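Asks: When the sequence shown is numbered by this note's numbering, its final residue is 439 and no position is left out of the sequence of numbers.
No residue lacks a Cβ here, since even glycine has one placed at the ideal position from N, Cα and C.
Given the structure is predicted, the values throughout are model-derived calculations rather than measurements.
Sharing a structure, written as structure tokens. Questions coming.
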Amino acid sequence: MHKYIVDFLDLLNGSPTSIQASSEIIKRLERYDFKLLKEEDHWELQNGGKYYICRDTSIIAIILGSRNLLDTGYKIGAAHIDSPSLKIKPESLKTENSITSISVEVYGSPIISSWIDRSLGIAGRIAVKEEDNFRILPVDLRRPVAVIPNAALHLNREINKGFEYNKQTHLKAILQSKESDKNPLMGALATELGVARDDIFGSELFLYDFELAELCGLDQSLIMSARLDNLGMTHSILSAISEVENPESTCIAALFDHEEIGSETRQGADSSFLENILERIAITKGYSREEYLRILNKSFLVSGDMAHSYHPSYPEKYDPSYSPVMNGGPVIKWHANYNYATNLESSQMFKKLCKTAEVPCQTYIIRSDLLCGSTIGHILSSRLGIPVVDVGNPLWAMHSVRETVGVQDHINMIKVLELYYQKNI
Ligand SMILES: [Zn+2]
15 MHKYIVDFLD LLNGSPTSIQ ASSEIIKRLE RYDFKLLKEE DHWELQNGGK
65 YYICRDTSII AIILGSRNLL DTGYKIGAAH IDSPSLKIKP ESLKTENSIT
115 SISVEVYGSP IISSWIDRSL GIAGRIAVKE EDNFRILPVD LRRPVAVIPN
165 AALHLNREIN KGFEYNKQTH LKAILQSKES DKNPLMGALA TELGVARDDI
215 FGSELFLYDF ELAELCGLDQ SLIMSARLDN LGMTHSILSA ISEVENPEST
265 CIAALFDHEE IGSETRQGAD SSFLENILER IAITKGYSRE EYLRILNKSF
315 LVSGDMAHSY HPSYPEKYDP SYSPVMNGGP VIKWHANYNY ATNLESSQMF
365 KKLCKTAEVP CQTYIIRSDL LCGSTIGHIL SSRLGIPVVD VGNPLWAMHS
415 VRETVGVQDH INMIKVLELY YQKNI
């Protein structure tokens with residue numbers, strides 16, 4: 015198996031929530047000698063130096079280029095690390111008729127039916143007492159611990175004609191079916207972390223699909239997993255910047271949480287995080303504010319988020335002229351109303367990269383009678399004034415708990431992004 019695919023499956027399996035995804039990204043950056051910088055500290059940056067900064071779960075990685083920023087601008091790759099999910103309401107645990115269950119809130123827009131009748135894990139983070147204060151610890155129970163069962167067909171005979179799950183009443187996750195102490199979930203978390211139950215002050219927990227990422231298809235050309243949107247593009251950008259050595263341009267990988275809920279949070283793409291970091295790099299390297307604004311004008315951003323692959327069972331959902339196929343290469347995404355930030359200039363730039371990398375390139379435009387999704391590209395483009403191309407790999411069943419992508423597409427996307435960071439094309 016290609017080394018990028020081995021590492022991709024490992025990232026997917028190690029990232030049940032964006033909290034763990036963030037730790038997995040840091041682990042990989044440190045493996046490639048990126049050093050942690052803190053927003054609250056004074057910075058000294060060396061040319062050729064590799065750094066990363068975290069704002070809660072979002073991460074920005076930097077490699078300082080050898081040339082003057084006024085000549086090169088920043089080369090930025092950006093993606094979101096979160097996926098639609100079911101978030102546990104901490105105080106909702108109840109036992110009725112010996113069945114212990116917990117309620118959830120819907121995070122983002124999942125295909126809800128895909129979460130039913132599956133073995134579910136629980137992961138996230140908890141606040142634990144530490145002397146007079148507390149600390150936050152990531153946690154993953156690392157075994158299937160919950161299920162949201164359907165009603166039997168005999169009790170819901172119309173289900174195959176389409177059924178709307180009520181988010182309050184139908185999505186209770188069952189944790190166990192025998193009487194026990196008052197809060198077995200807190201007990202399991204305490205045991206997992208080796209802390210006293212009374213020392214757990216609070217939690218932020220999500221359900222996740224316990225099934226592992228795996229190759230699929232007679233020719234093993236497909237990858238099936240949860241969270242491919244958007245760990246696919248996260249891994250592509252991360253792998254590409256990790257391979258870069260002594261670049262001329264300053265390379266940035268900006269990996270944001272909270273895209274699925276609109277990006278308007280402290281660490282989301284619609285926060286000050288990326289613009290603060292870009293300005294601080296310029297200031298630390300001795301550029302003036304005017305020069306910083308000129309540097310932005312010279313910069314470029316590739317926004318990576320997955321694209322809708324042509325689905326043979328739903329041909330009526332695609333514009334026949336713009337139907338990207340699985341393993342047919344990276345997709346440039348366009349939208350007349352700029353839900354995608356791609357413009358004529360940025361699309362030419364990405365096409366040239368694909369051509370140089372000898373990778374095929376596809377185009378997606380949604381049918382004119384359907385509503386288009388969006389991503390972080392247009393937010394970053396309007397906030398920073400940087401030209402952006404919105405790209406992604408073809409994917410089936412976006413926002414299902416189990417999505418599908420192509421093996422070759424993933425390898426090709428990394429090849430193109432490596433070229434983007436390393437060379438001045
Ligand atoms: Zn996405």
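For residue 86 versus residue 189, is the C-beta distance shorter than 9 angstroms?
Replies: It is not a contact, given that the beta carbons lie outside the stated cut-off.
Asks: With a floor of 3 residues, list each beta strand (DSSP E) that falls wholly inside the segment 89-135, ordered by position along the chain.
Replies: Taking only runs of at least 3 residues, the beta strand (DSSP E) segments lying wholly in the segment 89-135 are 99-102, 108-110, 113-116, 118-121.
Asks: Okay, do the segment 304-318 and the segment 409-424 touch, 3+ Cβ pairs below 8 angstroms being the bar?
Replies: The segment 304-318 is not in contact with the segment 409-424.
Asks: Going by DSSP in three states, residue 265 sits in which element: helix, strand or coil?
Replies: Residue 265 falls in the strand class under three-state DSSP.
Asks: Going by C-alpha to C-alpha distance, which of 72, 24, 343, 262 sits closest to residue 419?
Replies: Cα-wise, what sits closest to residue 419 is 343.
Asks: Run through DSSP, which three-state label would residue 436 get?
Replies: It is helical.
Asks: How big is the Cα-Cα spacing for residue 89 and residue 434?
Replies: Computed Cα separation, rounded: 8 angstroms.
Asks: How big is the Cα-Cα spacing for residue 285 and residue 291?
Replies: One C-alpha to the other measures close to 11 angstroms.
Asks: Run through DSSP, which three-state label would residue 17 get?
Replies: In the structure shown, residue 17 sits in a helix (DSSP, three-state: H, G or I).
Asks: Using beta-carbon positions only, say whether residue 218 and residue 33 come within less than 9 angstroms of one another.
Replies: It is a contact, given that the beta carbons lie within the stated cut-off.
Asks: In the DSSP output, which residue or residues are listed as bridge partners for residue 322?
Replies: Bridge partners of residue 322: 409.
Asks: Using only the heavy atoms of ligand 1, determine whether one of them is closer than 8 angstroms to the beta carbon of residue 71.
Replies: Checking every heavy atom of ligand 1 against the Cβ of residue 71, none is found closer than 8 angstroms.
Asks: So, does the segment 260-269 touch the segment 74-83, judging by three or more C-beta pairs under 8 angstroms?
Replies: With a cut-off of 8 angstroms, the segment 74-83 and the segment 260-269 count as touching, because enough Cβ pairs lie within range.
Asks: I want to check one thing, is the minimum distance from the CB of residue 249 to the heavy atoms of ligand 1 below 8 angstroms?
Replies: Checking the Cβ of residue 249 against ligand 1 gives no.
Asks: In the DSSP assignment, what are the bridge partners of residue 152?
Replies: Residue 152 is bridged to 139.
Asks: Over what stretch of residues does the beta strand (DSSP E) that includes residue 223 continue unbroken?
Replies: 214-223 is the extent of the beta strand (DSSP E) around residue 223.
Asks: Quick one, which of 234, 266, 53, 180 has its alpha-carbon nearest residue 485's?
Replies: The question about residue 485 has no answer here: the residues shown for the chain are numbered 15 through 439.
Asks: Does the distance from the CB of residue 121 to the CB of residue 101 come in under 9 angstroms?
Replies: Yes, these two residues count as a Cβ contact at 9 angstroms.
Asks: Considering only heavy atoms of ligand 1, list every residue whose Cβ is less than 5 angstroms from one of them, following chain order.
Replies: Working through the chain, the matches are 243, 244, 319.
Asks: By alpha-carbon positions, which one of 171, 31, 421 ends up nearest to residue 134?
Replies: Residue 134 has its Cα closest to that of 31, out of 171, 31, 421.
Asks: For my contact list, residue 392 and residue 353 are in at a C-beta cut-off of 8 angstroms; report their separation, rounded to the angstrom.
Replies: Going by Cβ atoms, the distance from residue 392 to residue 353 rounds to 7 angstroms, so yes, they are a contact pair.
Asks: Quick one: using the 10 Å Cβ neighbour count with 16 as the cut-off for buried, is residue 187 buried or exposed?
Replies: Classification of residue 187: buried, given that the 10 Å Cβ count is 16 or more.
Asks: Tell me the DSSP secondary structure of residue 417 in three-state form.
Replies: Here residue 417 sits in strand by DSSP.
Asks: So if DSSP puts residue 317 in a beta bridge, which residue, or which two residues, is it bridged to?
Replies: The partner list for residue 317 (beta bridge, DSSP) reads 92, 404.
Asks: For residue 51, name the three-state secondary structure that DSSP assigns.
Replies: Residue state, collapsed to three classes: strand.
Asks: Per the contact definition of three or more C-beta pairs closer than 8 angstroms, is the segment 359-371 in contact with the segment 273-289?
Replies: Cβ pair count under 8 angstroms is below three, so no.
Asks: Using three-state DSSP, classify residue 34 as helix, strand or coil.
Replies: Residue 34: helix per DSSP, three-state reduction.
Asks: Between which residues of its own chain and residue 288 is the CB-CB distance below 6 angstroms, once the five residues before and five after are set aside?
Replies: Taken in chain order, the residues that qualify are 268.
Asks: Excluding the 5 residues preceding and the 5 following residue 323 in the sequence, name in chain order all residues of the same chain whose CB lies nearer than 7 angstroms to its CB.
Replies: So the qualifying residues of the chain are 338, 339, 340, 408, 409, 410.
Asks: Could you pull out every residue in the same chain whose Cβ sits closer than 7 angstroms to the Cβ of residue 223, ignoring the five residues on either side in sequence?
Replies: Excluding sequence neighbours, residue 223 sits near 132, 134, 240, 415, 416.
Asks: Would you kindly check if the distance between the Cβ of residue 355 and the Cβ of residue 423 is under 9 angstroms?
Replies: Cβ distance not < 9 angstroms, so residue 423 and residue 355 don't count as in contact.
Asks: Is it the case that the Cβ atoms of residue 212 and residue 273 are separated by a distance below 9 angstroms?
Replies: Their beta carbons are not under 9 angstroms apart, which means residue 212 does not touch residue 273 by this criterion.
Asks: Take residue 7 as the anchor and find which of 346, 297, 384 has the nearest alpha-carbon.
Replies: Since the first residue shown for the chain is 15 and the last is 439, residue 7 is missing from the structure and cannot be characterised.
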